[in-house]
Amino acid sequence: MRGLLCSPLLVWLLLLQPWETQLQVAGPGCHTGPLDLVFVIDSSRSVRPFEFETVRQFLVGLLRGLNVGPNATRVGVIQYSSQVQSVFPLGAFSRPEDMERAIRALVPLAQGTMTGLAIQYAMNVAFSVAEGARPPEERVPRVAVIVTDGRPQDRVAEVAAQARARGIEIYAVGVQRADVGSLRAMASHPLDQHVFLVESFDLIQEFGLQFQRRLCECVSEGLSYRCLCPEGRQLQADGKSCNRCREGHVDLVLLVDGSKSVRPQNFELVKRFVNQIVDFLDVSPDGTRVGLVQFSSRVRTEFPLGRYGTAAEVKQAVLAVEYMERGTMTGLALRHMVEHSFSEAQGARPRALNVPRVGLVFTDGRSQDDISVWAARAKEEGIVMYAVGVGKAVEEELREIASEPAELHVSYSPDFSTMTHLLENLRGSICP
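At position 339 of the sequence shown (counting the first as 1) the number is 1316 in our numbering, and the numbers step up by one without a gap.
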């Protein structure tokens, strides 16, 4: 999602409006692009009748500010308690007033709080083509907004990870008694942009304001429109996407686990993942320089920081990397990075230039040697460390490798096939 494009005056006007209608004043000057948006609403017994009415009003107000239509934003709503009920699917309505009528007629289920079940329903049913979602090949963003007031009575972390891996961006909105840990387990990264906690249902419209600002991605100019990017991102040649970092200076070294536990087919997925990281970097001699080190029982520099000057060259070199197999000597790899990879001889820029140095460690298991000394040394040397774990990676080791705060520098995926959901968090963190 892109950042705020509306003016400070518009934001001020938004705050002055009566709260049921304040979200609609974004009006014709702030259009949302094509989007499949599903609201997942907690209607368990802990949500009292007057509080549920507030949720209704919140949804109505938010709908009035969206550019709803078959070729624009499609909206679906599901509610859940001990079961899940579709209020209306993505393909049901193309006019906000029809959606409003369905929302106002909504009767709460008033049972338990099976949030994991609701996420599974959203993933498998609500975002299906049969329900009105656009096919994946059209690359229309899929966004789920979960509104809840309590602790889930089932597991949410794994099913939420699966949903994110399928390309669903999740916002978690907690009210009053909501469990913050569960909200964070559900939401997409970066968490500070996807987790919202409000003190009461009366204040839920505050999330609505922030959410609509994030949807406001293109600004109309008469009969045409132009798309802008937030600070730190660049508009691509297609005129509508902001996928790259801004022009910035970073020396980035990737430490990739090539141990036998990874297995050949998964190592190919790792290489693809690395190239997806490269896609959002401004690779050039004066911009971001990229080096790659593979480790197993030994360490091998695949290419140093100073070798390649374009993203295409880096990606080609990544694809040519051959899998090492054998053990997992992460500590040895960290030592190699500190002593060699960030040296000027390897292409790192002199410290006097104050170019940020970033190390990203990718691993799938426990290290067979000690990591503590060289993980600490890396940070003492001013290297900002990120740790990406997959499968049987050990959380305490990932945290020891990574810089603080851990929530910004540690990422984890249950398996190799779903690790692409980590990219957005890394993009938001690594981009200078």
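The C-beta atom is built at its ideal place from N, Cα and C for all residues, glycine as well.
*asked:* By DSSP's criteria, Asp1234 is part of a beta bridge. Which residues make up the other side?
replied: Beta-bridge pairing links Asp1234 to Phe1272.
request  = Classify Gly1046 as buried or exposed, calling it buried when 16 or more other Cβ atoms lie within 10 Å of its own Cβ.
outcome  = Its Cβ having fewer than 16 others within 10 Å, Gly1046 is exposed.
### Query
Using DSSP with H/G/I as helix, E/B as strand and the rest coil, what is Leu1258?
Assignment of Leu1258 by DSSP, reduced to helix, strand and coil, places it in the coil class.
inquiry  = I'd like the span of the alpha helix (DSSP H) that includes Ala1142, first residue to last.
reply    = The continuous alpha helix (DSSP H) containing Ala1142 extends over residues 1134-1142.
For Phe1417, count neighbouring Cβ atoms within 10 angstroms of its own Cβ and tell me buried if that reaches 16, exposed if not. Residue 1417 cannot be examined here, being either before or after the span of the chain that is shown, 978 to 1409.
Next on the checklist: Using only CA atoms, which one of Ser1020, Leu1232, Tyr1300, Leu1014 lies nearest to Leu1083?
Outcome noted: When Ser1020, Leu1232, Tyr1300, Leu1014 are compared, the shortest CA-CA separation from Leu1083 is found for Ser1020.
Handout entry: From Gln1056, Ala1095, Met1301, Leu1094, residue whose alpha carbon lies closest to that of Ala1087
Key = Ala1087 has its Cα closest to that of Gln1056, out of Gln1056, Ala1095, Met1301, Leu1094.
Practice problem: Less than 8 Å between the CB atoms is what I'm expecting for Asp1126 and Gly1093, so what's the real figure, rounded? | Solution: The beta-carbon distance between Asp1126 and Gly1093, rounded to whole angstroms, is 16 Å. This is too long to meet the 8 Å contact definition.
Problem set entry | Cβ-based neighbour list, Ala1214, same chain, cut-off 6 Å, excluding 5 preceding and 5 following | For Ala1214, the predicted structure reports a pLDDT of 44, less than 50, and the residue's modelled location is therefore unreliable. A value from the coordinates is still provided. Once the five neighbours on either side are set aside, Ala1214 has no close Cβ partner at all.
**Request:** Please check if any C-beta of chain D sits within less than 7 Å of the C-beta of Val1332.
**Result:** No chain D is present in this structure, which holds just one protein chain.
With DSSP as the reference, label Glu1279 as helix, strand or coil. Of the three classes helix, strand and coil, the one that applies to Glu1279 here is strand, per DSSP.
Q.
For Val1239 and Gly1268, which I take to be in contact (beta-carbon distance under 8 Å), what is that distance rounded to the nearest angstrom?
A. At roughly 20 Å, the Cβ-Cβ gap does not stay under 8 Å, so Val1239 and Gly1268 are not in contact.
>> Is it buried or exposed, Gly1151, if we count other Cβ atoms within 10 angstroms and call 16 or more buried?
In response: That one is buried.
(Q) For a quick check, are the C-beta atoms of Phe1339 and Asp1234 less than 7 Å apart? (A) Yes. Within cutoff.
Where Ala1099 falls, given that 16 or more other Cβ within 10 Å makes a residue buried
Buried.
(Q) For the pair the region 1362-1369 and the region 1324-1334, tell me if three or more CB-CB distances fall below 8 Å. (A) No, the region 1362-1369 is not in contact with the region 1324-1334.
Subject >> Own chain partners of Met1314 with C-beta closer than 7 Å, once the 5 adjacent residues on each side are dropped >> reply: Result list for Met1314: Val1230, Leu1232, Val1270, Gly1336, Ala1355, in chain order.
Could you compute how far the alpha carbon of Ala1370 sits from the alpha carbon of Tyr1300? Rounded to whole angstroms, Ala1370 to Tyr1300 spans 19 Å at the Cα level.
TODO: Flag this pair as yes or no: are the beta carbons of Glu1077 and Val1037 separated by less than 7 Å?
DONE: Yes; because the gap between Cβ atoms is below 7 Å, this pair is in contact.
Apart from the five residues on each side of it in sequence, which residues of its chain come closer than 8 Å, Cβ to Cβ, to Asp1263? Around Asp1263, the same chain offers His1226 as residues with beta carbons nearer than 8 Å, after the five sequence neighbours per side are excluded.
Q. Where are the beta strand (DSSP E) runs, 3 residues long or more, that stay fully inside the region 1015-1058, in chain order?
A. If we require 3 residues or more, the beta strand (DSSP E) runs fully inside the region 1015-1058 come out as 1050-1057.
Practice item. List the residues that DSSP assigns as beta-bridge partners of Ala1121. Key: Per DSSP, Val1015, Ile1147.
Does Arg1266 come out as helix, strand or coil in the three-state DSSP assignment?
DSSP places Arg1266 in strand when its eight states are reduced to three.
Own chain residues within Cβ distance below 7 Å of Met1396, not counting five before or after:
Excluding sequence neighbours, Met1396 sits near Phe1250, Val1367, Ser1390.
*asked:* Please list the terminal residues of the continuous beta strand (DSSP E) segment that includes Leu1337.
replied: Where Leu1337 is concerned, the enclosing beta strand (DSSP E) stretches over 1334-1340.
Review point. Could you give the distance in angstroms between the alpha-carbon of Gln1170 and the alpha-carbon of Ser1058?
Key: Computed Cα separation, rounded: 26 Å.
Any idea if Val1106 is buried or exposed, counting beta-carbon neighbours within 10 angstroms, 16 or more meaning buried? By the neighbour-count rule (16 or more Cβ atoms within 10 Å), Val1106 is not buried but exposed.
Assuming Asp971 contacts Leu1309 under a Cβ cut-off of 8 Å, what Cβ separation, rounded to an integer in Å, is found between them?
This structure cannot settle anything about residue 971, because the visible part of the chain is limited to 978 through 1409.
> Do Gly1304 and Ser1344 have their C-beta atoms closer together than 7 Å?
Replying inline: No, the Cβ-Cβ distance between Gly1304 and Ser1344 is not below 7 Å.
(request) Assign Ile1348 to one of three DSSP states: helix, strand, or coil. (result) Three-state result, Ile1348: coil.
On the DSSP letters alone, give me the boundaries of the alpha helix (DSSP H) that Met1163 sits inside.
Unbroken alpha helix (DSSP H) run through Met1163: 1157-1163.
DSSP beta-bridge partners for Phe1173? Phe1173 is bridged to Val1150.
**Report entry** Strand pairing of Asp1228, partner residues [DSSP]
**Finding:** Beta-bridge pairing links Asp1228 to Arg1266, Arg1334.
message: Just list the residues that DSSP pairs Phe1065 with in beta bridges.
response: In DSSP, Phe1065 forms a bridge with Val1054.
Quick check: what's the CA-CA separation for Arg1072 versus Ser1165? Cα-Cα distance, rounded: 29 Å.
- Please check the pair Arg1051 and Leu1014, which I expect to be a contact at CB under 8 Å, by giving their CB distance rounded to whole angstroms. Going by Cβ atoms, the distance from Arg1051 to Leu1014 rounds to 7 Å, so yes, they are a contact pair.
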